[in-house]
Every structure is written in structure tokens, then in C-alpha cells.
Amino acid sequence: MSIVFDSKLEIIESYYIIRIPSTSSEKLPSRGMVMIEGILNGVAFHTPVEPDGKGSHWFKLDENLIKDVEVSAGDTVSLSIEPVSDWYEPDMPEDFMIAIHEAGLIDRWKEITPKAKWDWLRFIRSTKNPSTHQRRIEVACSKLQKGDTRPCCFDRSRCTIMDVSKSGILLD
108 MSIVFDSKLE IIESYYIIRI PSTSSEKLPS RGMVMIEGIL NGVAFHTPVE
158 PDGKGSHWFK LDENLIKDVE VSAGDTVSLS IEPVSDWYEP DMPEDFMIAI
208 HEAGLIDRWK EITPKAKWDW LRFIRSTKNP STHQRRIEVA CSKLQKGDTR
258 PCCFDRSRCT IMDVSKSGIL LD
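In our numbering, the protein residues as written are 108 to 279.
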């Protein structure tokens, strides 16, 4: 099921982003993070789309994709996307991985799915407060030790990248 739409390339802080229009986002299987494959101006890509905290989604374009599609901020781009079940491993914060190693949880960490790891990443990074960040790492280790594979009581429909959001809402 391909979802086809046009959108403008925007910059928020140092992030080049594409907002997915609400009518297109509604076709995704979740209000939370979704992994997609797509075609952007004729170039294939595979990336997670993040919730915008208002019922829709957005995603960051990496530098290579921006170069490949030869676009600039403000340009309208044509996209065709579809959700996929093939989640790749996220880049986890170094302090979290040190805590995983120190707690003897590396084997447990390797057992959980990439999608579950994305949930842990989103849980940990959804604060700017250093003490809250550290506390979330401790909670994650504790839950993993107990056998939990995902954070509980976590609103998956909020934007968790603090550089581009405020109170879980993508900046305008």
C-alpha cells in the first residue's frame, strides 16, 4: 500500500525534515513511530517516521539523501512511502550502552527486537533534563533485568527528539 504525497523540505534547528500531511499519515498503521521505505524525488530510502505529537508524522532526511535528491529547504518534494516491518537497529546513546554493559545486560539487550530498542531510545531521549535522562537509563536497566522488553507508561504518539520539539510537539 503506497502512500503518495507532496511536501516541503523544512529546516528546524539543524534537522532537514519532511512533514507527512495528516491525510497521508492517517494511512500509517500507528500514531507512534513507524518504519517506512519510500521514494523521494526518485531516490529510494528507508527510515523511521516520528510522531509529531499532533496526530501526524515527520521524518529527518540525512545528508546523503539530501545530496542524492538535490533539494534545498523550501523545495516541494514528491514522495511515495509504505510501512515496513524491517526495523533496523537504532544508534543508542553511549551512556545507555555503558549502563547496559555495566549491569551485565548485553545478552538481554541483544535478544530484544530492533523495534523494542527504538522504544527504549525514544523513552530515554525524550527529555532535556540530564537527571531525568539518567533516571530513565536506570529505569530501563531495571526493567530489562526484570524481563521487560519495552518501557511502560510511555506516550508513543509524542515527538521525542528534543532539538525539534517542545512538550512532545514538533516545532512549527
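Idealized CB from N, CA, C, for every residue including glycine.
- Distances from the CA of S249 to each of A180, H208, E170 and P190 were compared; the closest alpha carbon is that of H208.
- Put simply, of P237, E189, M199 and F203 the residue whose alpha carbon is nearest the alpha carbon of I127 is E189.
- In the DSSP annotation of this structure, the continuous segment of the alpha helix (DSSP H) that includes K224 starts and ends at P221 to R232.
- DSSP, read as helix, strand or coil, puts W194 in coil.
- Secondary structure note for T130: its alpha helix (DSSP H) is the uninterrupted segment S129 to S132.
- Annotation: D113 to Y195 spans about 26 Å, alpha carbon to alpha carbon.
- Taking G145 as reference, the option from T256, R263 and V191 with the minimal CA-CA separation is V191.
- Within the segment 124–192, complete alpha helix (DSSP H) segments of at least 4 residues are found at 129–132 and 170–176, given in chain order.
- By DSSP's assignment, V111 forms a beta bridge with S187.
- Counting along the chain, V271 sits inside no alpha helix (DSSP H), nor does DSSP assign it H or E at all.
- In summary, A180 is exposed, with fewer than 16 beta-carbon neighbours lying within 10 Å of its beta-carbon over all protein chains present.
- As the crow flies, the alpha-carbon of I110 is around 36 Å from that of M204.
- I173 is not a Cβ neighbour of V156, given a cutoff of 8 Å.
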